[in-house]
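Some notes on the structure that comes next.
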Amino acid sequence: MAEILSQSEIDALINALTAGEIKAEEIKKEAYEKRIKVYDFRKPNKFSKEQLSTMHLIHENFARQLITYFSAQLRALVQVNASSVDQMPYSEFISSIPNPSIIGILDFKPLRGAIILTIDTYLAFSIVERLLGGSGEYRDRPREPTEIEANILQKLYSKLAKLIKEAWQDIQELDPSFDKLETNPQFIQLVSPNEAVALITISVKVGETEGMINICLPYIVIEPVLPKLSAKVWLSTSKRDSGVSFTKTIAEKLEKVSAEIRAEIGRTKISVRDFLNLDVGDVIQLDKRANGEIDIFVHGVLKYKGIMGKRNGRLALRVTKVASERDEANDG
Numbered sequence: 001m002a003e004i005l006s007q008s009e010i011d012a013l014i015n016a017l018t019a020g021e022i023k024a025e026e027i028k029k030e031a032y033e034k035r036i037k038v039y040d041f042r043k044p045n046k047f048s049k050e051q052l053s054t055m056h057l058i059h060e061n062f063a064r065q066l067i068t069y070f071s072a073q074l075r076a077l078v079q080v081n082a083s084s085v086d087q088m089p090y091s092e093f094i095s096s097i098p099n100p101s102i103i104g105i106l107d108f109k110p111l112r113g114a115i116i117l118t119i120d121t122y123l124a125f126s127i128v129e130r131l132l133g134g135s136g137e138y139r140d141r142p143r144e145p146t147e148i149e150a151n152i153l154q155k156l157y158s159k160l161a162k163l164i165k166e167a168w169q170d171i172q173e174l175d176p177s178f179d180k181l182e183t184n185p186q187f188i189q190l191v192s193p194n195e196a197v198a199l200i201t202i203s204v205k206v207g208e209t210e211g212m213i214n215i216c217l218p219y220i221v222i223e224p225v226l227p228k229l230s231a232k233v234w235l236s237t238s239k240r241d242s243g244v245s246f247t248k249t250i251a252e253k254l255e256k257v258s259a260e261i262r263a264e265i266g267r268t269k270i271s272v273r274d275f276l277n278l279d280v281g282d283v284i285q286l287d288k289r290a291n292g293e294i295d296i297f298v299h300g301v302l303k304y305k306g307i308m309g310k311r312n313g314r315l316a317l318r319v320t321k322v323a324s325e326r327d328e329a330n331d332g
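In terms of full-length UniProt numbering, the sequence shown is residues 1 to 332.
If you want it as structure tokens, here you go:
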């Protein structure tokens, strides 16, 4: 919005023009120069500020999911922040990647094309070391991963692809998948060198190791969803679906949680002497009938009653009922 002059400022300007202190040509020239905006055709700005801001919001959500995933997998203090979102030519991005590097190519289905996700070498090998049970400290020179390390990194990239899918779900239903792992950036030519890309930089600290995760989104790949990249659309969609989506996500994660289940056929008490003298063929009398219900424990807590039997030639249990509070009290 143009600056509006007060009446006193207008009077002062007219007086200055009348007295010849300033010239009308100078005012016109200054106003014209202010309308001129420098534009570098070698670095076209195809993304608007609002679109870059929305992408920053999307990947802040991705960063929060990374914290949860890395904390659970690496058993370490993890800090993740979506640092910045910039646009630049593809050639500038590729030239900024050292050789060797850890570079993942993700197919950005159903959109046509792929995106690039790079992880700092020291950070990548630190993560691999922690996953293999080590301390997570990597101090060697950058190198290409071994076959075992490459397999671990491929699984890591497959998980990151799923997290990106969740981060983008309020904008577009995507199904990104890991395509291939590269170490030499010069072998990656996804788009033309002058094509504009959005670069999302995410800072990560795992224990004492710090590094960056960079996500490169070519303009030509995400062009179909650019109209949706507005804060208004993203916020309205996320607010509308956040409750249902959050509940669904929690339910899906709980379904995958492993639980220890133990069936107790019966109990008895014997002396240490009798226990030490046990031999093959000896019979121990329990406090349960052979055809009676047995107790089923989940993480050491009595939850169900059931009966023993066989299924497909193997010993099996059939749950007959949920244990009552009285059953739990008697067990305690």
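No residue lacks a Cβ here, since even glycine has one placed at the ideal position from N, Cα and C. Quantities reported herein were computed from a predicted structural model and do not represent experimental measurements.
Taking the Cα of alanine 63 as reference, the smallest distance to any Cα among Leu254, Ala16, Asn99 and Trp168 is reached at Trp168.
Between the region 79-87 and the region 198-206, the count of Cβ pairs shorter than 8 Å is three or higher; the stretches touch. Two segments are said to touch when three or more pairs of C-beta atoms, one from each, lie closer than 8 Å; by this definition the region 266-284 does not touch the region 316-325. Sixteen is the threshold: since fewer than 16 other Cβ atoms of the shown chains lie within 10 Å of the Cβ of histidine 299, the residue is exposed. DSSP, reduced to helix, strand and coil, places tyrosine 138 outside both helices and strands of the structure shown, so it counts as coil. For asparagine 214, the number of other beta carbons within 10 angstroms of its own is at least 16, and it is reported as buried. Taking C-beta separations shorter than 7 Å and ignoring five residues to either side along the sequence, the partners of alanine 259 in its chain run Val298 and His299, following chain order. Cβ-Cβ separation between glycine 136 and alanine 76: approximately 6 Å, consistent with a contact (criterion under 8 Å). For aspartate 170, the three-state secondary structure derived from DSSP is coil. Pairing leucine 106 with leucine 123 gives a Cβ-Cβ distance that is not under 9 Å. When secondary structure is reduced to three states using DSSP, proline 98 falls in the coil class, being assigned neither helix nor strand.
Relative to leucine 160, the option among Leu66, Ile265, Gln285 and Ile97 whose CA is nearest is Leu66. Where lysine 49 is concerned, the enclosing alpha helix (DSSP H) starts and stops at 49-74. Approximately 6 Å separates the beta-carbon atoms of valine 221 and phenylalanine 108; this is inside 8 Å, confirming the contact.
Taking a C-beta distance under 9 Å as the contact criterion, arginine 130 and leucine 74 qualify as a contact pair.
Nearest C-alpha to serine 230 among Arg273, Ala16 and Thr54: Thr54. Secondary structure note for aspartate 274: its alpha helix (DSSP H) is the uninterrupted segment 272-276. In this structure asparagine 184 touches asparagine 99 by the C-beta definition: roughly 5 Å separates them, less than 8 Å.
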